[in-house]
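Chains A and B supply the protein sequences, listed in that same order. Heads up, the first sequence is in the numbering used here, so the first residue is 16 and it goes up one at a time. Heads up, the second sequence is in the numbering used here, so the first residue is 16 and it goes up one at a time.
Protein chains: 2
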Amino acid sequence: MSILVVGSIVLDHIRSPYGSSEGALGGSAVYFAGAACHYAPVRLVGVVGDDFPEEGNEFLTQSGIDTMGLTRVAGKTFQYEAEYPADMQDRKTIRTDLNVFEHFRPEIPESYRDTPIVFLGNIDPVLQIEVLDQVKGPKHVAADTMNYWIHGHRENLIKMLGRIDTLILNDSEARELTGESNLVAAMKAITALGPSIVILKKGEHGALLYQDGDFFHVPAFPVEIVKDPTGAGDAFAGGLLGFIARCGKFDRRTWMEAMQHGTAVASFVVEEFGPAPLRQLDHDKIESRIARLRAMVTLP
Amino acid sequence: MSILVVGSIVLDHIRSPYGSSEGALGGSAVYFAGAACHYAPVRLVGVVGDDFPEEGNEFLTQSGIDTMGLTRVAGKTFQYEAEYPADMQDRKTIRTDLNVFEHFRPEIPESYRDTPIVFLGNIDPVLQIEVLDQVKGPKHVAADTMNYWIHGHRENLIKMLGRIDTLILNDSEARELTGESNLVAAMKAITALGPSIVILKKGEHGALLYQDGDFFHVPAFPVEIVKDPTGAGDAFAGGLLGFIARCGKFDRRTWMEAMQHGTAVASFVVEEFGPAPLRQLDHDKIESRIARLRAMVTLP
């Protein structure tokens, strides 16, 4: 099955105690697509400016990502600057220049509209809904969001949630969305808003799936030096939905395996700055980490 | 095998959005012993004042805990008052009256000195060392600690760590002890200080074992209403070491199973105020939660 992703394409400037990146390719659509493309055909919708570097194009096309839905317009590409402190907790945003992304209205090419799996990256819920208005009966829609939309655009966010199958978000977002501090209660409460599947990204604590009253947990792969966590959440979603797309199945066991794939793929991303680790991925590398993840939770 | 526990015995006054307890039996030795006694004979060393209520004695003796090492002295029992805020994060301590505990010096009865498994509850590392000076070649020593000792009594803490086999602590304690923000790196760094096993208690995110270069993870049991997390960490340690004592084995597989037992036992404690859930425990209840914990991480 193919996957349609709609999200941001960004030039990232990230500093951490382990180094920095200057104008590295980033954004939710890039990390998602760069991960999912190892599993299934990926169709990307997004916008860049006329300054978008040739390396960016190369990353996407050499990854085999369908970029017919990538629009290039006059102006500058979305730029994001952030810094991780010495303890690597709580990334500090220094600059968010939306540039051409400010007026982005997703237009889904006619040939993309019957894509069976849709991933709505973390963008304005109004735009996420516009995507859903254009696609034709997808088999599965998953979305990401963030505190900014939960606080300031709640009404639209709730509308969007009523139209998707899976919501992927982090702890604090789940708490803020539901007002439930208990994560178990929060995940259950989210299913009352629409999605039948809720997936919590817990960073160093792993990821948790809630579906049909049951939980499934995958620990984080133990990475000793996390250089740059930027994009790991989107790469997780890409590995997860990529695996689902490859299997073409939506049963519970497939979701469980998909959680392990998403976790393994994301673990490579945090080891370096930018999305380069995604280009170097192969199935042996992924399977090797999944084997270790399984050994971490199973009695011998 | 028997277990010796040395720790605090406290009268707890706890408030949370779900209710309160006034002068409920608490402290590290109580929660540990109340959990471990379901698995193996437990010998307790601690101190209470002459105000210690009869219900406290009953809890210990009816649990089959050996209280020959419990000293009753003139004065008041250790009193602790704390409050959990609406979001149940970051317990706020309101009052810590050490009372008779202030001058506690553990005296290990002669008949306890050859106990094969020793648990040093979270007390002054000087006292933890005094216990180790009195016991005779235990097979295994585990200890707990807290930020207070890590900050202000580091030198003694490091001495203590050089003499134990297992350290059980939480995320922030592991970070502060080692200066490593990355938990994987922090756990490895702790083994360089002495303990061959490090166990992280991560609350709602579960528990993580590090031993011989390998990790083993158990998710938290999904409890939807956590009324009072006080004592859960000590109950976890009690279930963990209780299981080890019952098996009389220290191999890796036994530690893995013990992690699941500790997790299951602790999950009952957080559901009510005080240690009462430990009195109502039985092996069927524990095994039933362990079966769910295993299903939460294993592909069907």
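C-beta atoms are modelled at their ideal positions from N, C-alpha and C, and glycine is treated no differently.
- Closest by CA to A:L182, which one among A:E170, A:H168, A:G209? A:G209
- Can you round the beta-carbon distance between A:D159 and A:G194 to whole angstroms, since I take them to be within the 8 Å contact cut? Actually they are not in contact, since the Cβ atoms of A:D159 and A:G194 sit about 20 Å apart, beyond 8 Å.
- Query: If we ignore side chains and look at the alpha-carbon of each, how far apart do A:G253 and B:T108 end up?
  - Reply: 43 Å
- Interface residues of the region 209 to 234 of chain A facing chain B [CB-CB below 8 Å]: K217, E219, H220, G221, L223, D229, F230, F231, H232, V233, P234
- Item | Collapsed DSSP secondary structure at A:G277 in the structure displayed | helix
- Query: According to DSSP, is B:M316 helix, strand or coil?
  - Reply: A question about residue 316 of chain B goes unanswered here, because the residues of chain B that appear run from 16 up to 315.
- Message: Given a cut-off of 7 Å on the beta-carbon distance, is the pair A:P121 and A:L147 in contact?
- Response: no
- Query: What in chain A is Cβ-close to B:P237, meaning under 8 Å?
  - Reply: V199, F230
- In three-state terms, what does DSSP make of B:R268? helix
- Would you kindly report the start and end of the unbroken beta strand (DSSP E) that includes B:F134? 132 to 135
- Would you list the one or two residues that DSSP bridges to A:R106? BP columns for A:R106 are empty, so no partner.
- Comparing the C-beta of B:M271 with each C-beta of chain A, is any distance below 7 Å? yes
- With 16 as the cutoff for other CB atoms within 10 Å, does A:H232 come out buried or exposed? buried
- Message: Residues of the region 302 to 315 of chain B in Cβ contact with chain A at a cutoff of 7 Å, in chain order, please.
- Response: M311, V312, T313, L314, P315
- Task: Counting only the same chain and skipping the five closest in sequence on each side, list residues whose C-beta sits under 7 Å from that of B:A247.
- Result: A281, V284, V285
- Any beta-carbon of chain A closer than 7 Å to the one on B:S43? no
- Item | Identity of the residue in B:I212, B:G257, B:E96 nearest B:S31 by Cα | B:E96
- Query: Under the rule that 16 or more other beta-carbon atoms within 10 Å means buried, what is B:I212, buried or exposed?
  - Reply: buried
- Query: First and last residue of the alpha helix (DSSP H) that includes B:G209?
  - Reply: Taken as a continuous stretch (DSSP letters only), B:G209 belongs to no alpha helix (DSSP H), as it is neither H nor E.
- Contacts that B:R268 makes with chain A (C-beta to C-beta distance below 8 Å): L314, P315
- Query: Using the beta-carbon of each residue, which ones in chain A are nearer than 9 Å to B:Q104?
  - Reply: S196
- Out of B:R87, B:G79, B:S43, B:C52, state which residue places its alpha-carbon closest to the alpha-carbon of B:G64. B:R87
- Query: How would you write the range of the alpha helix (DSSP H) that A:L256 sits in, first residue to last?
  - Reply: 247 to 262
- Item | Nearest-angstrom Cα separation, counted from B:I301 out to B:A273 | 12 Å
- Item | Exposure label - B:T313; buried when at least 16 CB within 10 Å | exposed
- Message: I'd like the ranges of any alpha helix (DSSP H) spanning at least 4 consecutive residues and lying wholly in the region 47 to 85 of chain A.
- Response: 69 to 77
- Comparing alpha-carbon positions, which option in B:N171, B:S78, B:A222, B:V21 lies nearest B:A50? B:S78
- Task: Please check the pair B:A55 and B:V21, which I expect to be a contact at CB under 8 Å, by giving their CB distance rounded to whole angstroms.
- Result: Going by Cβ atoms, the distance from B:A55 to B:V21 rounds to 16 Å, so no, they are not a contact pair.
- Task: Measure from the alpha carbon of A:V60 to the alpha carbon of each residue in A:M16, A:E69, A:I138, then state which is nearest.
- Result: A:I138
- Could you give the C-beta distance for A:K154 and A:D129, rounded to a whole number, given that I count them as a contact under 8 Å? Going by Cβ atoms, the distance from A:K154 to A:D129 rounds to 10 Å, so no, they are not a contact pair.
- Provide the residue span of the beta strand (DSSP E) that contains A:L308, from first to last. Where A:L308 is concerned, there is no enclosing beta strand (DSSP E), although the alpha helix (DSSP H) it sits in stretches over 298 to 310.
- Taking just the CA atoms, how far does A:L255 sit from B:M175? 45 Å
- For B:T133, which residues in chain A fall below 7 Å Cβ to Cβ? Position check: residue 133 of chain B holds Val in this sequence, whereas Thr was assumed. Neighbours of B:V133 on chain A: none; closest Cβ ~26 Å, over 7 Å.
- A:F134 and A:N114 look like a contact to me (Cβ under 8 Å); what is the Cβ gap, rounded to whole Å? With 8 Å as the limit, A:F134 and A:N114 do not qualify as a contact, their Cβ atoms being about 23 Å apart.
- Return the chain-ordered list of same chain residues with a C-beta closer than 7 Å to the C-beta of B:I205, the five sequence neighbours on each side being excluded. L182, A189, L192, T193, V213
- Within this structure, are the beta carbons of A:M83 and A:P131 separated by less than 7 Å? no
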